[in-house]
Amino acid sequence: MKVIIAGAGIGGLTLALMLHRRGIDCDIFESVRELKPLGVGINLLPHAVAELDELGLLDILAASAVPTSALHYYNRHGQAIWQEARGLAAGYAVPQLSIHRGELQLLLADAVAQRLGSGRLHTGLAFESLAQDAQGVTARFRNRTTNELEEVRGDLLIGADGIHSAVRRFFHPQSDALRFSGRMLWRAITDAEPYLDGKTMFMAGHQDQKFVCYPISEPMRRQGRSRINWIAELRIPDPELPATDWNRVVDASVFADRFESWRWDWIDIPAIIQGAQAIYEFPLVDKDPLPRWTQDRVTLLGDAAHPMYPIGSNGSAQAILDARCLADRLQATAMQRKGSIELALKEYEAERLPPTAGIVLRNRLNGPEQVMQIAHERAPDGYAHIHDVVPQAELEEIAMRYKRLAGFDPTALKTKKG
Numbered sequence: 301m302k303v304i305i306a307g308a309g310i311g312g313l314t315l316a317l318m319l320h321r322r323g324i325d326c327d328i329f330e331s332v333r334e335l336k337p338l339g340v341g342i343n344l345l346p347h348a349v350a351e352l353d354e355l356g357l358l359d360i361l362a363a364s365a366v367p368t369s370a371l372h373y374y375n376r377h378g379q380a381i382w383q384e385a386r387g388l389a390a391g392y393a394v395p396q397l398s399i400h401r402g403e404l405q406l407l408l409a410d411a412v413a414q415r416l417g418s419g420r421l422h423t424g425l426a427f428e429s430l431a432q433d434a435q436g437v438t439a440r441f442r443n444r445t446t447n448e449l450e451e452v453r454g455d456l457l458i459g460a461d462g463i464h465s466a467v468r469r470f471f472h473p474q475s476d477a478l479r480f481s482g483r484m485l486w487r488a489i490t491d492a493e494p495y496l497d498g499k500t501m502f503m504a505g506h507q508d509q510k511f512v513c514y515p516i517s518e519p520m521r522r523q524g525r526s527r528i529n530w531i532a533e534l535r536i537p538d539p540e541l542p543a544t545d546w547n548r549v550v551d552a553s554v555f556a557d558r559f560e561s562w563r564w565d566w567i568d569i570p571a572i573i574q575g576a577q578a579i580y581e582f583p584l585v586d587k588d589p590l591p592r593w594t595q596d597r598v599t600l601l602g603d604a605a606h607p608m609y610p611i612g613s614n615g616s617a618q619a620i621l622d623a624r625c626l627a628d629r630l631q632a633t634a635m636q637r638k639g640s641i642e643l644a645l646k647e648y649e650a651e652r653l654p655p656t657a658g659i660v661l662r663n664r665l666n667g668p669e670q671v672m673q674i675a676h677e678r679a680p681d682g683y684a685h686i687h688d689v690v691p692q693a694e695l696e697e698i699a700m701r702y703k704r705l706a707g708f709d710p711t712a713l714k715t716k717k718g
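With the numbering used here applied, the sequence shown covers 301 to 718.
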């Protein structure tokens, strides 16, 4: 079996490693000419970390990533709404990890080069089209250096080429529109003094004005400093999707005045904003869930299949879970002499499409961050104690409901491990 993977993001690289571990041949084709440590921070939830642990990557990840100890929610006045332990502190078998996205991508790419060989990751080749027959798939990639069209033959093709997936667009040109939330994100990294225990992720505000913060460098943490990944989010007056570069650098003056009063005894958010070297602007977007991902010997994975709001730390985690499911289905097919690739892809879709569609829709309702919106709506001017406005049982149910939906309910994971 020969698998063609379009896209060398977290999902595509993880899939390649999982296929290799199962003895399945694959090549990865990436449109950028050179992988660079771009982007900002991401969170890897325990169910995703467990999959990377099975690939033997936990030690190298743990050397770079902060083991997240807790998640806190606050209102816009800095008053506590909900706090819970995370990762090892919550009793999971593996940590929750916070890391720079580009650093994780390069770690995965290095593992691919070491295990599969340096010639299996092909850069500067952008997917354009494909043709299928009873024996396999012919994928056509545009060489971005020579502008020539190159054909690659395989038994199947996996579109793991991100939110702007060309593979998705090839099959679903009418279902590829971005849905804009009306909210803008400003993302950056600031080196500063640690806050709280140096390992806590927090969110403050409500759905129209929010600030997210978490440290992403374990080496800096051990030196008594903190490399803080942060996101400022605001609803903007113009509801139309901005037609601008989605990775453009902007000045803090664009949004910082809205957070000027957010100084509390344990953190100074205006100072965090002003300490960033570069701030990047992104619209908060997703896409409607597709009725199907699979067309004969082609399917989708990760953001190509189910782009979602970055709520609940689930984008990269769900791509990794996709990769595990797909690799298992293809392994079962490879072990059967008359196994059907088409059936394997449909089984993968049947298992992964419903839960990821649910996460996309739940994230539009703010996922576990609903607690901030509820607190804001019931007590916009603050409260003496959160339980005066939101009962403990309601807070617990919101948190657990999302864990079940996203697949990291600690009870279920422990049962699975046992």
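Note that beta-carbon positions come from the ideal geometry of N, C-alpha and C, so glycine has one too.
Where residue 702 sits in the DSSP three-state scheme
Numbered from its first residue, the sequence shown carries residue 702 at position 402. Secondary structure of residue 702 (DSSP, three-state): helix.
Would you tell me roughly how many angstroms separate the C-alpha atoms of residue 625 and residue 528, rounded to the nearest one?
Taking the sequence shown and counting its residues from 1, the one referred to as residue 625 is at position 325. Taking the sequence shown and counting its residues from 1, the one referred to as residue 528 is at position 228. As the crow flies, the alpha-carbon of residue 625 is around 33 Å from that of residue 528.
N-terminal and C-terminal residue of the beta strand (DSSP E) that residue 343 is part of
For the purposes of this step, residue 343 is identified with residue 43 of the sequence shown, where counting begins at 1. Looking at the DSSP string, the run of the beta strand (DSSP E) that includes residue 343 is 341-344.
By Cβ distance below 8 Å, which residues in the same chain neighbour residue 575 in space, the five residues on each side in sequence not counted?
Taking the sequence shown and counting its residues from 1, the one referred to as residue 575 is at position 275. Cβ within range, chain order: 490, 491 and 492.
Quick one: what does DSSP say residue 337 is sitting in, helix, strand or coil?
Locating residue 337 in the sequence shown gives position 37, where the first residue counts as 1. In this structure, residue 337 counts as coil in the three-state DSSP scheme.
Candidates 688, 304 and 511: which alpha carbon is nearest residue 451's?
The count along the sequence shown starts at 1 and reaches residue 451 at position 151. Proximity to residue 451 across 688, 304 and 511 peaks at 304, based on C-alpha coordinates.
Could you tell me the distance, in whole angstroms, from the CA atom of residue 500 to the CA atom of residue 511?
Here residue 500 corresponds to residue number 200 of the sequence shown, with the count starting at 1. Here residue 511 corresponds to residue number 211 of the sequence shown, with the count starting at 1. Each residue's alpha carbon lies about 14 Å from the other.
Just to confirm, is the Cβ distance from residue 488 to residue 579 under 9 Å?
The sequence position of residue 488 within the sequence shown is 188, counting from 1. The sequence position of residue 579 within the sequence shown is 279, counting from 1. Result yes, Cβ atoms of residue 488 and residue 579 sit closer than 9 Å.
Going along the chain, which residues of its own chain have a beta-carbon closer than 8 Å to the beta-carbon of residue 702, five neighbours each way excluded?
The residue given as residue 702 occupies position 402 in the sequence shown. These residues qualify, in order along the chain: 612, 662, 667 and 668.
Assess contact between the region 316-325 and the region 626-633, defined as three or more Cβ pairs (one per stretch) separated by less than 8 Å. Is contact present?
With the cut-off at 8 Å, the region 316-325 and the region 626-633 touch.
Pick out the complete beta strand (DSSP E) segments inside the region 340-427, 3 residues or longer, and give them in chain order.
With a minimum length of 3 residues, the continuous beta strand (DSSP E) runs that stay inside the region 340-427 are 341-344, 366-368, 370-374, 380-385 and 396-400.
Between residue 711 and residue 700, what straight-line distance do the alpha-carbon atoms span, to the nearest angstrom?
Residue mapping note: residue 711 aligns to position 411 of the sequence shown, counting from 1. Residue mapping note: residue 700 aligns to position 400 of the sequence shown, counting from 1. Roughly 10 Å separates the two Cα atoms.
Hey, is the region 502-517 in contact with the region 670-681, meaning 3+ C-beta pairs nearer than 8 Å?
Segment contact: the region 502-517 against the region 670-681, three or more CB-CB distances shorter than 8 Å; contact assigned.
Spatial neighbours of residue 406 within its chain, please: CB distance less than 7 Å, with the 5 preceding and 5 following residues excluded, ordered by chain position.
To locate residue 406, count along the sequence shown from 1; it is residue 106. Closer than 7 Å at Cβ, skipping near neighbours: 335 and 337.
Burial state of residue 671, where buried means 16 or more other Cβ atoms lie within 10 Å:
Within the sequence shown, residue 671 is the residue found at index 371, counting from 1. Label assigned to residue 671: buried.
Nearest-angstrom Cα separation, counted from residue 358 out to residue 453:
Taking the sequence shown and counting its residues from 1, one reaches residue 453 at position 153. Taking the sequence shown and counting its residues from 1, one reaches residue 358 at position 58. C-alpha separation (whole angstroms): 34 Å.
Alpha carbons only, please: which of 326, 596, 683 and 331 is nearest the one belonging to residue 413?
In the sequence shown, residue 413 corresponds to position 113, counting from 1. The shortest Cα separation from residue 413 among 326, 596, 683 and 331 belongs to 326.
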